[in-house]
Every structure is written in C-alpha cells, then in structure tokens.
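Residue numbers (the numbering used here): 91 to 769.
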C-alpha cells in the first residue's frame, strides 16, 4: 500500500488479499524454509573472517575499476576517437557523393529534366558456420545419487552430470566432483561422449557406472584446433575465425540428433529416441533430481528440460568466461575485465591496445559466437523435438548457481553476483608419499629440483627440435639443480636428452606430490588452471609459459600475486628461459610471495568441498533462480541504456546543427550589414 494512499479501504483490501489468497502464505513459508536452510553460517563466517583479515590484512580482492579514471573506466578514450573517425568518414563520404552527383548532373542534361542515376552497391555475404551432417551423437552424462549433507535435508538425490571428454583437466575436475558425491553416500553414473580422441581416463575412481561413447559415424573436429595439434606454431586464439568455426561445428554436431540419439540409446538400446514416447517416458521415470554440467554450449539445458529435470547447477573447470557472464547477466567493465579465453598477461591493468583488443573480443563473443550457438541449437530442438520447444536462452536463465574452480584471492577481481561461488582447490588430489623413481631424481640435486610440465593436452612431440635444444641448454646452465620434465620424447630425440645429466624425462609425473616436496624449488608451467592451483597451494614460484585458451589469464593471476615470471612462448630461447629460471631461484621475493599465498589459501575461511555439497543439495530442493541479475533478462540496448543515450545524442546533434545554421545566418546578415554600412 502506497504510504500516501493509506485509508480504511486500501488497507482493508490489502489485508483481505494476504489473508484470503493462499499464494502469499505458501510463498512466505517457502521463503522461510529457504532462509533457514541457506548454506551460510553468519555467526561462524563473521568470526572466521575477522580472524583471517587480522592475520592477512592485504586487500587481495580489489576491483581495478576503483583505481582508474572515468574516461578509462568507460573506454571513452577509445569510443570517442572511434566515433569522431566515424563522423569524419560519413562527412567525407557525403562530400564525395555530392561531388559525384554534380559531375553526373553536368554530364547528363535532358530537354525537360535531368536524370540522375544513383549507383547502389550491394554485397551479400552469406557465411554458413555450421554444416549439417547425418551422423549419430555423442554426449556426456553423469548420473549421481546424492546424499544430502545440508542443514536438515538427508534425502538421496539422483543427479545427472554432463561432462564431455574434451581434455584430461576437465575430466579430472568433474571426476573429483563425482568422487566427492560418492564419498557423501551418493550413487554416481557417468556417461561420457569422447569429443577428443585419445583420452583414456574417466577422471573418477569411485563412480559406480561409467559409459564412454565415442562418435560412431563422424569425426570430432576438435583435434583440428591448433591448441590440440601444435600450439608452438599454429593459431591458438579461440576467437580467430578458424578456431571459432571449429568450435561452432563441434557444438552443433554433438547437439544435433546425432548426439541426443546416442546418449539416450546407451540407456535404452534404441536408435531414435526423439520419436519414441515410451523411451522418453522411461527416462523421465528415472526421476533425476538435479543436473550438474560445465557450460560448454546451450544444447545441454535443452536435454535436461526434455528429461524433466527441474534443478541444474553449472560448474566450471576454468575462471568465469564470457559465456558465464552472459548466462548470469554479470556486468563486464571492459576497461579492466579481460576475456578469460583471450586475455592479456597484463590484466587487469590493460594498455590502450589491450583494451581495444578486449573490446573487440567482447563483441566477437557477445554478438557472434554466443548468439550463433544459441540460434543453431535452438533450431535443432525445434526441428527434431517440438516446434514450440522453449527458447534455450530462457532455460539458460533458469540455472540458479555457478560453481567456479578458482579462488577469490587469486582471481582478477570482477563484478559478480550472489549466485557465483568459488570452489578452487576442490579437484586437487591429496598428497601422499612420492614414488621412489621421482624421489631418487630429486635427492641427487645439490640445491633442489625444478619441475617442467606443459600439461596433459599439449602435444610436446610437435615441439621443434631447435626449441627443445634451447630449453635443455637453459637447464644446463644450472648444474646444481635437477630438472624433472614431463614430456613425450620421440625416438629421434632420445640421444639429444642423453647429453644433459641434470635432466630427467618422464611421460607422466606425480605432479601434486612433486610440488609439495621440500626439495622442489620451482615450477615451469603452461599455467593451466589445475597446475596453477596446485603450485599456489604448494607455495612454489613459477615460470609461466602460456600456450592457449585461459592460460594467459591464469598467468596474469600469478603475476598479480608476485609468484611468477612470464615468458612468451614465441620468444623462448636459452637466454630468455635461463633468465626467467634465475629470477625465481635467486630473487627471494618470489619464494616469499608464493609461501605467503599458500598460507592464505590454506587458511581461507571457506571450505570448497562443503560449499559444493551444500549448494548441490540446496538447489536440488529449491530449484528457483532466486538470485538473478536483471541484466540477464534485458536486451543490449536497455542494458547499456542506449534507448536513453541515443535520443539525447540525436537531440544534441540537432541542437548543434540548428545552432550552427543559426550562427551562420547571423554571421551572413552581420557581414551584409557591415558591407552596406561601409559602402
């Protein structure tokens, strides 16, 4: 009731409404239940944060936007010059057109009238991003039965998890989540489409059922990407036209009837589930309570909707991407918030050129990649399932929470909402006794050992021999240190490695236990998310050589914490590499910063495992998206208030033009008056 309209009638009507309409009482009771079971302990968190800040007073989580000026914050130093260039270009084009028309008028004269032919140039370019192929499908499904460890809920949950085999690090992350669910008393089934051939791990040791399904009648396009085949010489930017087209092809191929059909056929031994009502009925009878998935594309929310799953949790093995920001409506100040998959290692303090690149990357992702994915996959569901199938974007907006495999004190601070939670470190294996073969290699070092690993995806056999020799020559400059290399050595190169006494090569290394060994003093890494997290928790300084995807962004996180030295992959030689290694070995600031960061991470007053379990249980019980930014629902023009700025801008232009015309007329009259007076 409006305070200005309070009277007997208005107040009586309001009271009657809440007393007679049971919806108000039901909503109030449900809200009470949500608040009571919300996975947050105000009393405990207050005490833990007071104690934590008393020990670590540094401001680790500060938005860069607090330190930059108004013009830089809103990219006005980029947008204003761009606008002026646009205005000048339009003016020049108009003037050229006028000159052209005058020449045409002079050339073409008729007895009664002149004819002016306007030349209109029309260029139609039609780009087809996604090719349709008549093949079967692949998808990933994780079926979990959750035992709720929430405040009061004890009900076991049936959970469906989507976890495509795109890389070992992603599978290990999802597998760790599965193992946590099993340890909590839940049953876990995994269905795994193999998007990247050659991956032989499931990521889990405890899931009760694992279904691996390779593509049966089409070849996954992912291996064609430079980051998988040869990151040392090929294009690896995910926003390049070539790499973007491969990603779009893959997302549609695995979503189309192909992927959907095979996923269901694995359970029911039928090929065409889309037309089988009995099959869909059977799947729905499994009564999944909740679905858990990484947000690769938009197909999976459609699949979950088809199966009648009401609750969904998004998880991410990497930091918050543009896709996540779009899905949850997160503000993205482009002056300091980098694109995770196309970042600069200088983030968040971006140069002018880097901010221009960040702006272009944002528009590529926001207005090309994401809309194309949504539109193409929406068409598939409306073609194969139902012409009135819900908009995938609406289903996306209904996802209530995102759990991110990163940590707030190492992240580059950005605006987030209250339904984004960090669970960094949750996938790290427990430390144990180091294998004797690695122990022997380390103990023989006089001053310590340095680990070298470029991750599980990187094809090290594609490394040029000259680059490999430069790396080994750099290691040779530190004879008192041993270098433990994770690398696939071709037969032709074995003789080359044999000449270096302080280098030990392994096809696989026990990375977590090596990093936590007291004799290990440094880590040369590609800066993958899991490797970065393991090194930070172990307190080891790093040389970061980012190769692709989110690794530049991860490197920026490490640089901001003062625990790493950056080395450009295109500038690696024995001098640059040895210089970087010498820095982390001899400059004590890196080791001190690394140990301080490790202590902060270990004492941080939030438990990732508990947070994951609590939020899965809470969302399963309360699937509503209570915490959603309005920015996720409104369009581009309204979001950026262009519907207000444009009219103001047009009015301002009209006023300026009118003022200019009026001033010109006044000056002419004044000139004429003065001339007459002189005469």
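Virtual Cβ for every residue (Gly too), placed ideally from N, Cα, C.
None of the values given here were measured: they were computed from a predicted structure.
Which listed residue (745, 727, 721 and 699) has its alpha carbon closest to that of residue 771: The structure shown does not extend to residue 771, since the chain is modelled only from 91 to 769, so the question has no answer here.
Anticipated Cβ contact below 8 Å, residue 407 with residue 259, distance rounded: 6 Å
Residue 707, buried or exposed, once every other Cβ within 10 Å from all chains shown has been counted against 16: buried
Backbone CA spacing between residue 351 and residue 486 [nearest angstrom]: Legend: pLDDT at residue 351 = 45, less than 50; position of this residue unreliable, value from coordinates given subsequently. Straight-line Cα distance between these residues: approximately 22 Å.
Boundaries of the beta strand (DSSP E) in which residue 612 is found, first to last residue: 610-615
Cβ neighbours of residue 237 in the same chain (closer than 7 Å, five flanking residues each side left out): With a pLDDT of 36 at residue 237, under the threshold of 50, the modelled position of that residue is not reliable, and the figure given next carries that caveat. So the list reads 246, 274, 275 and 276, once near-sequence residues are dropped.
Limits of the unbroken alpha helix (DSSP H) element including residue 68: For the chain, the structure presents residues 91 to 769; residue 68 sits outside this window and is missing.
Rounded separation between residue 99 and residue 111 - CA only: 18 Å
Residue 461 burial status per 10 Å Cβ neighbour count (16 or more: buried): exposed
Residue 698 (DSSP reduced to helix, strand or coil): helix
Span of the beta strand (DSSP E) around residue 248: 246-252
Rounded straight-line distance, which links the Cα of residue 696 to that of residue 145: 15 Å
Buried versus exposed call for residue 257 [16 or more other C-beta atoms within 10 Å across all chains shown]: buried
Where residue 703 sits in the DSSP three-state scheme: helix
Beta carbon of residue 649 nearer than 7 Å to that of residue 656: yes
Touching by the beta-carbon criterion (3+ pairs, under 8 Å), the segment 555-574 and the segment 477-485: no
Rounded C-alpha distance that separates residue 307 from residue 616: Caution is warranted here: a pLDDT of 48 is assigned to residue 307, below 50, making its placement in the model unreliable, and no coordinate value can be reported.
Validate contact between the segment 624-642 and the segment 670-682 using beta carbons, cut 8 Å, 3 pairs: yes
Alpha-carbon to alpha-carbon, residue 173 and residue 439: 24 Å
Residues bridged to residue 380 [DSSP beta-bridge criterion]: 249 and 401
Three-state secondary structure (DSSP) of residue 643: helix
Cβ contact (3+ pairs, closer than 8 Å) linking the segment 535-543 and the segment 175-188: no
Alpha-carbon to alpha-carbon, residue 418 and residue 410: 10 Å
Cβ-based neighbour list, residue 472, same chain, cut-off 7 Å, excluding 5 preceding and 5 following: 479
Status (buried if at least 16 other CB within 10 Å, exposed otherwise) for residue 727: exposed
Own chain residues within Cβ distance below 8 Å of residue 525, not counting five before or after: 600 and 603
Sequence-distant residues of its chain with Cβ nearer than 6 Å to residue 654 (five each side left out): 632, 634 and 648
6 Å Cβ shell around residue 151 - same chain, five flanking residues per side excluded: 498 and 503
Nearest residue (CA-CA) to residue 416, options 395, 458, 446 and 437: 458
Proximity of residue 551 and residue 580 at Cβ, strictly below 7 Å: yes
Rounded separation between residue 575 and residue 164 - CA only: 45 Å
Spatial neighbours of residue 609 in its chain, beta-carbon cut-off 8 Å, leaving aside the 5 residues before and after: 532, 533, 535, 538 and 539
Span of the alpha helix (DSSP H) around residue 558: 555-566
Beta-bridge partners of residue 143, as assigned by DSSP: Residue 143 is not bridged to any residue.
Segments assigned beta strand (DSSP E), at least 3 residues, entirely inside the segment 464-502: 491-494
CB-CB length for residue 129 against residue 705, believed under 8 Å: 6 Å
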